[in-house]
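These notes are about the structure you will find just below.
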Amino acid sequence: MKVYTKTGDKGTTALFGGDRVPKDHIRIDSYGTVDELNSYIGLIRDQEIDSHYKTILIEIQDRLFTVGAILATPAEKEVLKNGELRLKNLGIIDTDIELLENEIDTMEESLPQMTHFVLPGGHPTVSHCHIARCICRRAERLAVHLSHNEQVPEIAIQYLNRLSDYLFVLARKLSSDLKADEVKWIPRK
């Protein structure tokens, strides 16, 4: 199988189910941003961090492939002609969100309570987390935008929302673990 198909040379691409849409369609932008986020999380995973975080990040990457597949499937194409679900055995479930919440709670137990906004930076690994958090928020905004016109499972949007929270807390935890400077934003008076 060749990597190039030439089917997108005129600016269209296929969704799951075969429908072709312009490459700048909101659905493509949504799952493309999830793919960008997934790649950035791979960059975080490649850093010198605790193996537990790496394990959780691999789980997150797997879930993001699922979110991408969900966003790439129009509602009318979710069921195959034979009655089977197109994304059989794929989905985001409550325990996926609970995993993120549990990880957030565990990390926050060892962190000081926040009293100020935190400026991104302090260490390259921490900065990667903040960039991933921003990409995650963009993916969430795009999925919400898509949901205004097309069906998007609410749990996929919830997962992206919780993931951005996780990435923020992970940045704070890695700042602590790496003994990086956490610079607080102080507004002008």
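Just add 53 to the spot in the sequence shown (first one is 1) and you have this note's numbering.
We put the beta carbon where it would ideally sit given N, CA and C, even for glycine.
What you are looking at is a predicted structure, and each value in this text was computed from that prediction instead of being measured.
Cβ-based burial, residue i [other Cβ within 10 Å; buried from 16]
i    : result
T86  : buried
R215 : buried
R225 : buried
S104 : exposed
I239 : exposed
T168 : exposed
Backbone CA spacing between residue i and residue j [nearest angstrom]
i    : j    : result
I146 : A192 : 19 Å
I81  : A125 : 7 Å
D88  : K242 : 41 Å
Q166 : E203 : 40 Å
Y84  : E112 : 18 Å
T178 : E101 : 8 Å
S217 : D158 : 14 Å
P206 : K55  : 33 Å
G144 : F118 : 10 Å
F170 : R190 : 17 Å
Cβ distance (whole Å) where residue i is taken to contact residue j below 8 Å
i    : j    : result
V236 : L195 : Wrong, their Cβ atoms sit about 30 Å apart, outside the cutoff.
Y212 : R116 : 7 Å
S41  : S163 : Nothing can be reported for residue 41, as the shown portion of the chain is limited to 54 through 242.
E156 : Y219 : 6 Å
A233 : G175 : 4 Å
V222 : E161 : 6 Å
S200 : I210 : 7 Å
Contacting residues, own chain, Cβ-Cβ under 7 Å from residue i (five flanking each side not counted)
i    : result
D149 : R116, Y212
H198 : I79
E154 : R215
Contacting residues, own chain, Cβ-Cβ under 6 Å from residue i (five flanking each side not counted)
i   : result
R98 : K107, L110
Beta-carbon contacts of residue i that lie in its chain and below 8 Å, excluding the five residues immediately before and after
i    : result
G61  : K76
T65  : R73, V74, P75, K76
Q114 : N91, I94, G95, R98
(message) Would you call the region 91–110 in contact with the region 179–186, where contact means no fewer than 3 C-beta pairs closer than 8 Å?
(response) Judged by Cβ distances under 8 Å, the region 91–110 makes contact with the region 179–186, as three or more pairs qualify.
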